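Structure record follows, encoded as structure tokens.
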Amino acid sequence: DGCSQLSAYERKRLKNITENAKFFAALKLHESAARLHQIATKRQSHVTKRAKPKKAEDDTVPRRSMRLQRAEPAAAPVLEAPEPEEYPQVPAGPVPMVPEQAETSKGTEGLLATWMRISQSSNGGMSSSSSPCVADVLLVLSRYQDSLNSMVLTGDNVRKVVKFRVCSMAIHPSESVTLVAAGDTSGQIGLWNVTCQSEEGAGVFIPHNHPVSCMHFSPASPAHLLSLSSETLRCGDVTRAVFDEICRSEVSLSSFDFLEVTASTAVVGHWEGAVAVVDRRTPGTTWELSADIGFKRTRTVHVHPVHRHYFLAAGAADVCVYDVRYLKPEGNDPVSCLQGHTKSVASAYFSPVTGSRVVTVCADDRLR
């Protein structure tokens with residue numbers, strides 16, 4: 020046959036192919052593959068094909084940064100700050116004694132009528148020509164001490180009379196009615212009849228544009244309430260229902276006190292250190308004398324209760340006594356100085372009745 024003509028290599032190769040074919044035939048691989056194909060076909064017929072999503076007609080534009088687009092960034096919206104609440108400025112000159120809110124005018128009329136009535140009955144409680152008798156004052160202090168020992172704070176005796184923080188206060192000298200005046204940081208003055216429990220027992224007025232740092236009822240005529248802010252010294256006269264302007268200054272004012280029992284003259288302290296003498300009886304709104312006492316800052320002034328030509332001035336770290344009779348514009352020497360204050364002195368006051376002692380309040384947390 021044809022195999023005899025093949026080489027030894029070809030015969031061996033043909034033999035291997037024949038043996039491999041017999042081996043695969045014995046394994047029946049073709050039949051197994053056919054069965055697996057049938058099984059796979061049956062399983063695919065039970066699977067539900069999901070519908071392919073339609074291709075978007077318009078392709079999505081790729082995002083590019085503002086820098087790559089060479090475009091200017093859009094301006095960020097600026098949040099508008101709330102406008103500060105504005106109040107009408109108090110003009111120079113006399114200011115009518117009208118309440119801040121018109122709807123409370125009827126209740127305020129009753130409050131002012133009470134102020135006028137108790138001022139006429141008390142008349143300050145002292146003569147207009149001399150200081151009070153020591154024995155009378157001691158009697159009043161004794162009763163005052165007894166009242167302090169029995170004091171109790173209740174909710175009925177707490178009242179918000181001004182809108183902002185209180186920075187000064189004065190109490191009417193009446194013994195029948197407790198009338199309190201309070202000045203706040205916006206220039207408002209609130210009056211409160213503590214004896215009256217109704218809403219009509221309080222009223223608010225606006226005679227100043229700046230904080231009311233000092234107030235006193237006139238010792239000779241309690242119908243007058245003198246109040247001081249950084250720019251003006253005013254006198255609230257309830258008999259005329261007006262806040263008169265006594266003194267106006269370009270230099271910030273800090274405090275004042277009466278040089279006389281009649282309250283005709285007053286010594287006024289300046290935040291920049293000087294002091295001034297003001298006479299309410301002279302026309303105009305300027306002081307009679309401005310004196311440099313060598314202070315960098317004058318916070319409080321206080322007049323001696325007996326020898327009223329002496330006054331006490333407290334400043335940065337200075338506490339000195341001066342004689343108003345010898346004040347001049349410059350080169351003023353103190354009568355006496357209180358040493359030992361290493362920090363700022365907030366205030367200094369003579370003791371009542373005799374004025375033989377002085378108490379000071381210092382930033383080192385000490386009373387002297």
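Residue numbers (the numbering used here): 20 to 387.
For glycine and all other residues, C-beta sits at the position ideal for the given N, C-alpha and C.
Values in this document were obtained by computation on a predicted structure and should not be read as measured data.
Query - Opening and closing residue of the beta strand (DSSP E) in which Tyr341 lies - result: DSSP places Tyr341 in the uninterrupted beta strand (DSSP E) bounded by 338-342.
Requested in this report: Go through the segment 223-272 residue by residue and report every complete run of the beta strand (DSSP E) that reaches 3 residues or more, in order.
Outcome: Listed in chain order, the beta strand (DSSP E) elements of length 3 or more contained wholly in the segment 223-272 are 231-236, 243-248, 251-256, 261-267.
Report task. Could you pull out every residue in the same chain whose Cβ sits closer than 7 Å to the Cβ of Arg162, ignoring the five residues on either side in sequence? Result -> Closer than 7 Å at Cβ, skipping near neighbours: no residue.
Query raised in the report: Going straight from the alpha carbon of Asp337 to that of Val109, what length do you get?
Result: One Cα belongs to Asp337, the other to Val109, and the distance between them is close to 34 Å.
Report task. Using 10 angstroms around the beta-carbon of Asn212, count the other beta-carbons present and answer buried if the total reaches 16, otherwise exposed. Result -> Burial call: buried.
Report task. Could you tell me which of Asp342, His56, Val114 sits nearest to His326, measuring between CA atoms? Result -> Ranked by Cα distance from His326, the options Asp342, His56, Val114 are led by Asp342.
Query - Arg267 to Trp290 span [Cα, whole Å] - result: Roughly 14 Å between the two C-alpha positions.
**Report entry** Helix, strand or coil at Leu131 according to DSSP, with G and I counted as helix
**Finding:** DSSP places Leu131 in helix when its eight states are reduced to three.
Requested in this report: Could you give the DSSP three-state label for Ala45: helix, strand or coil?
Outcome: In the structure shown, Ala45 falls within a helical segment according to DSSP collapsed to helix, strand and coil.
Query raised in the report: Taking contact to mean at least 3 C-beta pairs separated by less than 8 Å, is the segment 213-225 in contact with the segment 172-181?
Result: With a cut-off of 8 Å on Cβ pairs, the segment 213-225 is in contact with the segment 172-181, counting three or more such pairs.
Query raised in the report: Around the C-beta of Val171, are 16 or more other C-beta atoms found within 10 angstroms, so that it is buried, or is it exposed?
Result: Result: exposed.
**Report entry** Where His235 falls, given that 16 or more other Cβ within 10 Å makes a residue buried
**Finding:** Answer is buried; the Cβ neighbour count reaches 16.
Query raised in the report: Considering only the beta carbon of each residue, do His191 and Pro241 sit closer than 7 Å?
Result: Taking 7 Å as the cut-off, the Cβ atoms of His191 and Pro241 count as close.
Query raised in the report: To which residues of the same chain is Ala367 closer than 8 Å at the C-beta, ignoring the five residues directly before and after it?
Result: Counting only Cβ-Cβ distances below 8 Å, and skipping sequence neighbours, we find Thr319, His321, Leu331, Ala332, Ala333, Val338, Leu357, Val377, Val378, Thr379, Val380.
Report task. Measure how close the beta-carbons of Ala293 and Ser309 come, nearest whole angstrom, since I'm counting them as under 8 Å. Result -> Confirmed, Cβ separation roughly 6 Å.
Query raised in the report: Buried or exposed: which applies to Phe262, given that a residue is buried once 16 or more other Cβ atoms fall within 10 Å of its Cβ?
Result: Buried is the call here.
**Report entry** CA-to-CA distance, Leu278 to Glu243, given in whole angstroms
**Finding:** Sequence inspection shows His at residue 243; the Glu mentioned does not correspond to that position. In a straight line, the C-alpha of His243 is about 16 Å away from that of Leu278.
**Report entry** 6 Å CB neighbourhood of Ala295 in its chain, flanking five on each side removed
**Finding:** The residues are Val287, Trp306, Ser309.
**Report entry** Inter-residue Cα distance where the pair is Ile225 and Gln207
**Finding:** Looking at the two C-alpha atoms, the distance is approximately 4 Å.
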